[in-house]
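Novice:
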Ligand code: PBG
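This is the structure:
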């Protein structure tokens, strides 16, 4: 590499750090409200906002209040909101039929948001875990997660979400072949503009703990998700999965969790140049909030620093529970 600065004392890196004005001038990455996707939890009822204990500051909202929250997010310029249903245990079954019920919680929330805040993009989650009696993302047959039968169910779920008005489908299930099957079904049904943001490199992570509380899946889950989610030790595999999903018709790809996997984000962006997103997951959020509540860190500063790190790592956007908080801060 050629020297790009004269040797000391003619070259001094500190010149470029001397004031906010100069630092702004040389800054390489910026966090803006355009980078944010806001994951929210929806529950039954009306006028209900109930805290999620393991995620301080996060609530489950009934459909009417989800629509209100989406309206507020739209007003702040947040481009997308991502829905996760807290499904009543009585609706969880072996065949997971609630997943493609046109009137399930998630689909009712999509329609309510589309009516109240037509400009914000609505993203959904595709996986069977909210509807499955054993908490898995796929069907369990004789103790094994079966791939192809699960993909058929996921396609039905996708079509119901697209029918309800979803703009971005987010398959988080990690089955093989699901992106191609979903894309084909969406095209056949005339949903040419519905996008797929694939959870392409999703790791079997302990950072999802608080989320499973939030959607009521913790108690339900038997065993772990290691036969379908990735081994945290792997990185070449992530590139192969991303390539596969892009080839099958994904418009955008995601790495999940976020902060411990910034090396993967960078590799993915450099290798494919595709729209790349990271999910700063529930456990990452909970750690920051817990330390901030104890006065051990400055929560606001850590929030901004953690999100900026995703931009530096090459991400085009971040799914983060901090979205409204950081949007407010960026608005000044
Ligand atoms: C389920 C799903 C999970 C998350 C998003 N979709 C949990 C899991 O795979 O067990 C995690 C999100 C978070 O932790 O914030 N398919």
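Residue numbers (the working numbering): 952 to 1283.
From the three backbone atoms N, C-alpha and C, an ideal C-beta is built for every residue, glycine too.
For residue 1212, name the three-state secondary structure that DSSP assigns.
Specialist: Residue mapping note: residue 1212 aligns to position 261 of the chain shown, counting from 1. Of the three classes helix, strand and coil, the one that applies to residue 1212 here is helix, per DSSP.
Novice: Does the beta-carbon of residue 1262, which I'm using as the reference point, lie nearer than 7 angstroms to any heavy atom of the ligand PBG?
Specialist: Translated into positions along the chain shown, residue 1262 becomes position 311. Answer for residue 1262: no, Cβ out of range of the ligand PBG.
Novice: Near residue 1188, what residues of its chain come up, given a Cβ to Cβ distance below 7 angstroms and the 5 sequence neighbours on each side ignored?
Specialist: Counting from 1 along the chain shown, the entry for residue 1188 is found at position 237. Within the same chain, residue 1188 has close Cβ partners 1181.
Novice: Please indicate yes or no: does the CB of residue 921 lie closer than 7 angstroms to some heavy atom of the ligand PBG?
Specialist: For the chain, the structure presents residues 952 to 1283; residue 921 sits outside this window and is missing.
Novice: The beta strand (DSSP E) with residue 1036 in it runs from where to where?
Specialist: As a first step, residue 1036 must be located in the chain shown, where it is residue number 85. Counting along the chain, the beta strand (DSSP E) containing residue 1036 begins and ends at 1031-1036.
Novice: Can you determine whether any heavy atom of the ligand PBG sits closer than 7 angstroms to the C-beta of residue 1232, and answer yes or no?
Specialist: Within the chain shown, the letter at position 281 stands for residue 1232. Yes.
Novice: Got a sec? Which residues, its chain only, sit under 6 angstroms from residue 1107 by beta carbon, not counting five neighbours each side?
Specialist: Residue mapping note: residue 1107 aligns to position 156 of the chain shown, counting from 1. Counting only Cβ-Cβ distances below 6 angstroms, and skipping sequence neighbours, we find 1051.
Novice: May I ask you to report which of helix, strand or coil DSSP gives residue 1079?
Specialist: As a first step, residue 1079 must be located in the chain shown, where it is residue number 128. Of the three classes helix, strand and coil, the one that applies to residue 1079 here is coil, per DSSP.
Novice: In the DSSP assignment, find the unbroken beta strand (DSSP E) run with residue 1236 in it and report its ends.
Specialist: Along the chain shown, read from residue 1 onward, the residue named residue 1236 stands at position 285. Counting along the chain, residue 1236 falls outside any beta strand (DSSP E), though it belongs to the alpha helix (DSSP H) covering 1233-1244.
Novice: Counting Cβ pairs, one atom from each stretch, are 3 or more of them under 8 angstroms apart for the stretch 1148-1161 and the stretch 1234-1250?
Specialist: The stretch 1234-1250 and the stretch 1148-1161 touch, with three or more beta-carbon pairs separated by less than 8 angstroms.
Novice: Please report the residue range of the alpha helix (DSSP H) in which residue 1017 lies.
Specialist: Position 66 of the chain shown, counting from 1, holds the residue named residue 1017. Element bounds for residue 1017: 1014-1026.
Novice: Between the beta-carbon of residue 989 and the beta-carbon of residue 1275, is there less than 8 angstroms?
Specialist: As a first step, residue 989 is located in the chain shown; it is residue number 38 there, counting from the start. As a first step, residue 1275 is located in the chain shown; it is residue number 324 there, counting from the start. The criterion of a C-beta distance shorter than 8 angstroms is satisfied by residue 989 and residue 1275.
Novice: Sorry if obvious, but does the Cβ on residue 1273 come closer than 7 angstroms to a heavy atom of the ligand PBG?
Specialist: Within the chain shown, residue 1273 is the residue found at index 322, counting from 1. For the ligand PBG, not one heavy atom lies less than 7 angstroms from the Cβ of residue 1273.
Novice: At a cut-off of 7 angstroms, would you count residue 1011 as near the ligand PBG, judging by its Cβ distance to the nearest heavy atom?
Specialist: The residue labelled residue 1011 in the question sits at position 60 within the chain shown. Answer for residue 1011: no, Cβ out of range of the ligand PBG.
Novice: For the ligand PBG, any of its heavy atoms closer than 7 angstroms to the Cβ of residue 1171?
Specialist: Mapped onto the chain shown, residue 1171 falls at position 220. For the ligand PBG, not one heavy atom lies less than 7 angstroms from the Cβ of residue 1171.
Novice: Could you tell me the alpha carbon to alpha carbon distance between residue 1252 and residue 1262, rounded to whole angstroms?
Specialist: As a position in the chain shown, residue 1252 is number 301, starting the count at 1. As a position in the chain shown, residue 1262 is number 311, starting the count at 1. So the two alpha carbons sit approximately 16 angstroms from each other.
Novice: Counting pairs of beta carbons, one from the stretch 1127-1139 and one from the stretch 1191-1205, are three or more of them closer than 8 angstroms?
Specialist: yes
Novice: Using a Cβ-based criterion (distance less than 7 angstroms to any ligand heavy atom), does residue 1158 qualify as near the ligand PBG?
Specialist: Looking up residue 1158 in the chain shown gives position 207. Yes, the ligand PBG has a heavy atom inside 7 angstroms of this Cβ.
Novice: Is any heavy atom in the ligand PBG found nearer than 7 angstroms to the beta carbon of residue 1127?
Specialist: Taking the chain shown and counting its residues from 1, the one referred to as residue 1127 is at position 176. Flag unset: Cβ of residue 1127 not near the ligand PBG.
Novice: Below 8 angstroms, can you find three or more Cβ-Cβ pairs linking the stretch 1111-1126 to the stretch 1073-1088?
Specialist: yes
Novice: Using a Cβ-Cβ cut-off of 7 angstroms (strictly less than) and excluding sequence neighbours within five positions of residue 1244, which residues of its own chain qualify?
Specialist: Start at 1 with the first residue of the chain shown, and residue 1244 comes out as number 293. Result list for residue 1244: 1007, in chain order.
Novice: Are the CB atoms of residue 1061 and residue 1034 within a distance shorter than 8 angstroms?
Specialist: Residue numbering aside, residue 1034 sits at position 83 when the chain shown is read from its first letter. Residue numbering aside, residue 1061 sits at position 110 when the chain shown is read from its first letter. Yes, Cβ-Cβ distance for residue 1034 and residue 1061 is below 8 angstroms.
Novice: I need the straight-line Cα distance from residue 985 to residue 1093, nearest angstrom please.
Specialist: In the chain shown, counting from the first residue as 1, residue 985 sits at position 34. In the chain shown, counting from the first residue as 1, residue 1093 sits at position 142. Taking the straight line from one Cα to the other gives about 45 angstroms.
Novice: Out of 1202, 1063, 1208, 1154, which has the shortest C-alpha to C-alpha gap to residue 1223?
Specialist: For the purposes of this step, residue 1223 is identified with residue 272 of the chain shown, where counting begins at 1. Among 1202, 1063, 1208, 1154, the Cα nearest to that of residue 1223 is on 1202.
Novice: Determine the DSSP secondary structure at residue 1074, reduced to helix, strand or coil.
Specialist: In the chain shown, the residue the question calls residue 1074 occupies position 123. The answer is strand: DSSP assigns residue 1074 an E or B state.
Novice: According to DSSP, is residue 1227 helix, strand or coil?
Specialist: Sequence index remark: in the chain shown, residue 1227 carries index 276 (1-based). Here residue 1227 sits in strand by DSSP.
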